[in-house]
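In my numbering, the protein residues as written are 972 to 1056. Following: one structure in structure tokens, then a few remarks.
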């Protein structure tokens, strides 16, 4: 569930608080019924905008060999080094 409405940037308050599920939002906004409404969402922030962009997992397409501009965390670095040996 999230609150839908315009966010006031100065106070970070939602002007029109309305609780709506992600599945209901996509059905109302895009006429798209999610097949797996209980899967988690993915943070698809592009790095330019500081605003989070959460998308349902089933709507995200991963491009093969697409690189990430974010540095790897310690766990990811350990996995990479263990597989490269």
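Cβ atoms here follow ideal geometry from the backbone N, Cα and C, with glycine treated the same way.
Going straight from the alpha carbon of residue 1023 to that of residue 1015, what length do you get? 7 Å
Among the residues of its own chain, which have a CB less than 7 Å from the CB of residue 1005, if the five just before and after it don't count? 994, 997, 1027 and 1029
Report yes if the CB atom of residue 1043 is closer than 9 Å to the CB atom of residue 1051, and no otherwise. yes
Helix, strand or coil for residue 1047 per DSSP? helix
Quick check on the DSSP output: the beta strand (DSSP E) that includes residue 1030 runs from which residue to which? From DSSP, residue 1030 is part of no beta strand (DSSP E); its letter is neither H nor E.
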